[in-house]
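Counting in our numbering, the sequence shown runs without a single skipped number right up to 825 at its last residue.
Just so you know, even glycine gets a beta-carbon here, dropped at the ideal spot from N, CA and C.
Predicted model only: the values in this text are computed from it and were never measured.
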Amino acid sequence: MKSFPKLLFIINPISGGWSKNAFTDSLEDFSKKHHFHYEVYQTTGKKDKQSLQEIISDNKPDMLVAVGGDGTLVLAAGLILHTNIKLGVIPFGSANGMATELNIPTNREEAFRVLFHGQPIKIDTIKIDGKYNCVHIGDIGFNAKMIKAFEKEKKRGRLSYARQFLREFKFSQTIKFKIVSENGNYESSAHMIAFANARKYGTKAVINPIGKLDDGYFELCIIKRISFKVLLLIILATLTGSVYKSKFVKIIRCKKAKIVLKKHKKMTLQADGEILGERNKIQLEIQPESLNIIVPNKGEKSGLSSLISTVSSRT
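Here's what the structure looks like:
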C-alpha cells in the first residue's frame with residue numbers, strides 16, 4: 511500500500527513584509543494534487559525551536575519546508591542537522607541568501623515545484639561557539655551592524671536595507687583582530703570579517719569566490735577597507751557576474767578557526783541574517799555534510815517523488 515510523505519511547513523508570517531495567507535490556503539489543493547500529508551507551524555518568535563522539536567518528535571515528518579527568509583531556513587535547518595529529514599525552501603523573506611546560492615527560484619510556484627522535482631544534496635554547516643549553526647554566511651563588523659539596525663526598523667524590505675546600508679557606511683569602524691586556524695596565525699585590521707560556507711549574499715554580491723557548500727571547508731573573508739570606490743567595483747562585478755578582486759580583500763580557507771578582537775572590544779555578530787549578540791572572540795568549526803536540502807534538478811525521480819518511493823517502501 512502506497513503511503514504519502516509528511517511535510518511540516520514552517521512559515522514566518524512577517525518575513526519580507528508579505529502576507530503568507532494565500533500560500534497557506536493553497537496547501538490543501540497542492541497536497542491533493544501532489545499526494546502528501548502536511549502540517550503548518552507559524553513562527554511567533556517565542557519558543558519556536560522548542561515547539562517545533564516536540565512536533566517533529568511526535569509526527570516524524572519526512573521533510574521540513576522553510577517558508578520565509580534566511581532566518582526561517584536556519585531555524586528549520588538547526589532542527590534536522592545530522593538526520594535524514596530533508597529541508598525544502600520557499601523563499602519569502604527580505605533576504606533569501608541561501609535560496610539564491612542554491613538557485614532556488616524566488617517565484618513561489620516554481621520554488622514549490624522544486625520540492626517535487628528537485629534533488630536532495632548534503633551540504634556543510636558551520637558551528638559557532640559550539641552552540642549556534644550557520645548555513646550560509648555570517649560576519650562581524652560593517653554588515654552585522656547594518657543588520658542589527660535593520661531589525662529595529664518598523665518597515666521591512668529592500669528600501670530599509672538600503673537606508674541602513676548608507677547609515678552604517680558613514681560610521682563604519684575598523685576592527686583590530688587575530689585569527690588562529692590550522693593555517694597559522696594572522697593579525698590585521700578590517701571593516702568586516704565574514705565566515706562563509708557559500709559564495710554570495712542574498713544581494714548576489716560575491717564575497718567568497720572559492721566557496722563550495724560541500725567541500726568540508728569554510729572561508730574567512732576579510733574586507734580590510736570599505737570605500738565608495740570598493741563598493742562601486744563590487745556592485746559592477748555583481749552586475750557583470752564576475753568576481754571583485756582587491757588587495758583590500760583576504761581569504762583564508764579552513765576547517766576550524768578562532769577570531770579574537772583586540773583590546774577586548776566587542777562587536778555585533780550575525781549569522782544568516784540573525785543577530786547573535788556582541789562578541790570579542792568567536793570559535794568556528796565546519797560540520798561536513800550535516801544538512802540534507804532539496805535543490806533544483808533536471809532528473810525525473812527526485813524531491814518528493816523519491817520521498818514517496820522511500821515512504822512507500824517502509825509500508
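query	result
Please list, in chain order, all residues of the same chain as Ile761 whose beta carbon is under 6 angstroms from its beta carbon, the five residues on each side excluded.	Glu729 and Cys731
Can you give me the start and stop residues for the alpha helix (DSSP H) that Phe546 sits inside?	Unbroken run through Phe546: none, as it is neither H nor E.
So is Ser822 buried or exposed if we call it buried at 16+ other beta carbons inside 10 Å?	Its pLDDT being 47, under 50, Ser822 is placed unreliably by the model, and the measurement read from it follows with that caveat. Ser822 should be labelled exposed.
Since Gln560 is in the alpha helix (DSSP H), which residue starts that stretch and which ends it?	Asp558 to Asn569
From Phe622 to Leu771, what distance separates their C-alpha atoms?	43 angstroms
Under the three-state reduction of DSSP, which class applies to Ile769: helix, strand or coil?	strand
Please tell me whether Gly581 and Gly783 are closer than 7 angstroms, where the distance is taken between their beta carbons.	yes
State the CB to CB distance for the pair Ile614 and Val805, rounded to an integer number of angstroms; the pair is presumed to be in contact (CB under 8 angstroms).	7 angstroms
Based on the DSSP output, what are the partners of Lys632 in its beta bridges?	Asn802
According to DSSP, is Ser826 part of a helix, a strand, or is it coil?	It is not possible to answer for residue 826, since the shown part of the chain is limited to 511 through 825.
For a quick check, are the C-beta atoms of Asn693 and Cys644 less than 7 angstroms apart?	no
Per the DSSP calculation, Ala706 is bridged to which residue(s)?	Ile647 and Glu729
In angstroms with no decimal places, state the Cα-to-Cα distance between Thr651 and Lys714.	The residue asked about is misnamed: residue 651 is Gly in this sequence, not Thr. Taking the straight line from one Cα to the other gives about 19 angstroms.
Reducing DSSP to helix, strand and coil, say where Thr778 ends up.	strand
Secondary structure at Lys641, three-state DSSP: helix, strand or coil?	coil
I believe Ile633 touches Tyr727 by the beta-carbon criterion, under 8 angstroms. Please report the beta-carbon distance rounded to the nearest angstrom.	With a Cβ gap of about 12 angstroms, Ile633 and Tyr727 do not count as contacting.
My output table needs one value for Phe514: the three-state DSSP class, helix, strand or coil.	coil
Restricting to Cα atoms, I'd like to know which of Phe687, Arg618, His627 and Ile736 is closest to Ser536.	Arg618
Looking at the unbroken beta strand (DSSP E) that takes in Ile600, where does it start and where does it end?	Lys596 to Pro601
List the residues that DSSP assigns as beta-bridge partners of Met656.	Beta-bridge pairing links Met656 to no other residue.
DSSP three-state label for Phe758, please.	coil
Just to confirm my understanding: we take Pro630, look at its own chain, exclude 5 residues before and 5 after, and list those with CB closer than 6 angstroms. What are they?	Lys596, Asn802 and Ile804
Among Phe514, Leu562, Glu549 and Ser698, which has the Cα closest to the Cα of Lys543?	Phe514
Tell me whether Asp568 is buried or exposed, calling it buried when 16 or more other Cβ atoms sit within 10 Å of its Cβ.	exposed
How many angstroms separate the CA atom of Ala576 from the CA atom of Ser561?	15 angstroms
Considering only the alpha carbon of each residue, which of Gln793, Ile600, Ser800 and Asn807 lies closest to Gly640?	Gln793
Might you give, ordered along the chain, the residues of its own chain that have their beta carbon closer than 7 angstroms to the beta carbon of Gln552, omitting 5 neighbours on each side?	Ile521 and Pro523
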